Amino acid sequence: MDKNIPSEAADCNTSDLKLKGFKVYEVGSGVNAVPTYNRRDFYKICINTGRSLIHYANKGIQTEGTIAFFGNPRIPYSWEVISPTYTGYACVFTEDFLKSHERFESLQQSPLFKIGGTPIFQLDEGQKLFMTSIFQRMLAEQDTTYFFKEELMCNYINLLIHEALKMQPTENFFKHKNASSRITSLFLELLERQFPIESPKQPLSLRTAQDYANGLAVHVNHLNRSVKEVTGKSTTTHVSERVISEAKALLIHTDWSIADIGYALGFEYPTYFNNFFKRITGTIPKSLRA
């Protein structure tokens, strides 16, 4: 079985993305490569027809037919094509590009881009035709000199977002049942906002349950009780698991020294990082280096 990966570099030169704020492109099969597991500094919306295996966060999701995918820059993902033919469209855009839009903040909290949300939707023929037509209009407009092009692109992106939101039954939107649920949700959001770590010169600022309690302006005991009640795990366990997840990503996907990685994750000395990593994973950080 052939395994192809639509290469970000091959399908979309994003070098000018930060200048324009968006990029639209067509994708296809035929790129042979080893699967990559990346975090990117932009959001991505795409529709694809074919059979694929999407590695998203800690899950592997196999898809067939036509699907829409909503990529979040805070969550690593890779895309492995396992069918001989593969077609589709994609657009990538920075957070700043849509930030001025009055509805953007609430859309960020939707199941499309929310941590733990639903990033993949199976499309029927009508949905496929509609979303394809939007991408084709975006492609046609991308290189024009129309004065309000950015506003138009923003509207197209929001059309894609709302089309996917309509596929979600209203009850799928998260609703807080009580104060514990609300505090826990705020904690998990604050935890995720600490990542990804972009530079060893900007170390993790929140490391302990007390740090997060301070950030949320609640007593640490209240935070611990709420998180344990709702998730079954302690606040410290959530923080440790997320730090370990980030440590693994940095060990595999960067050339930073182990000491720099440890420092970036809030460990003053490499020995502290090594001991923490081994206690949680049963192995040492060096074992993840090729």
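Letter 54 of the sequence shown, counting from 1, is numbered 54 in the UniProt record's numbering, and no numbers are missing. Where a beta carbon is used, it is the ideal one built from N, C-alpha and C, also for glycine. Please read all numbers here as calculations on a predicted model, not as lab measurements.
Classification of residue i by the beta-carbon crowding that lies within 10 angstroms, buried from 16 upward
i: Lys23; result: buried
i: Phe277; result: buried
i: residue 305; result: The requested residue 305 is not part of the displayed model; the chain covers only 1 to 290.
i: His162; result: exposed
i: Lys286; result: exposed
i: Arg279; result: exposed
i: Ala217; result: exposed
i: Gln134; result: Position check: residue 134 holds Ile in this sequence, whereas Gln was assumed. Buried is the call here.
i: Lys44; result: buried
i: Ser52; result: buried
Residue i: CB within 7 Å of a non-hydrogen atom of the ligand PLP
i: Cys154; result: Among the components of this structure there are no ligands whatsoever, and the ligand PLP is therefore not found.
Extent of the continuous alpha helix (DSSP H) to which residue i belongs
i: Asn158; result: 149-165
i: Ser128; result: First, the amino acid is wrong: residue 128 is Lys here, not Ser. That run of the alpha helix (DSSP H) goes 125-142.
i: Glu26; result: Element bounds for Glu26: not the alpha helix (DSSP H) but the beta strand (DSSP E), 22-28.
i: Tyr272; result: 270-281
i: Val239; result: 235-253
i: Ile261; result: 258-264
i: Asn221; result: 220-231
Local conformation of residue i per DSSP, three classes
i: Thr66; result: strand
i: Phe195; result: coil
i: Gln202; result: coil
i: Phe97; result: helix
i: Ser83; result: coil
i: Leu53; result: strand
i: Ile183; result: helix
i: Tyr146; result: coil
i: Asn214; result: helix
i: Lys286; result: helix
Nearest-angstrom Cα separation, counted from residue j out to residue i
i: Glu268; j: Ile197; result: 16 Å
i: Asn221; j: Tyr156; result: 46 Å
i: Pro119; j: Ala140; result: 26 Å
i: Leu165; j: Tyr263; result: 40 Å
i: Leu160; j: Glu189; result: 24 Å
i: Lys233; j: Val227; result: 7 Å
i: Met138; j: Leu129; result: 14 Å
Opening and closing residue of the beta strand (DSSP E) in which residue i lies
i: Val92; result: 87-93
*Are there three or more Cβ pairs, one per stretch, closer than 8 Å when the stretch 210-218 is compared with the stretch 245-261?*
no
_the stretch 142-151 in contact with the stretch 64-84 per 3-pair CB rule at 8 Å_ = The answer is no - the stretch 64-84 does not touch the stretch 142-151, with fewer than three Cβ pairs under 8 Å.
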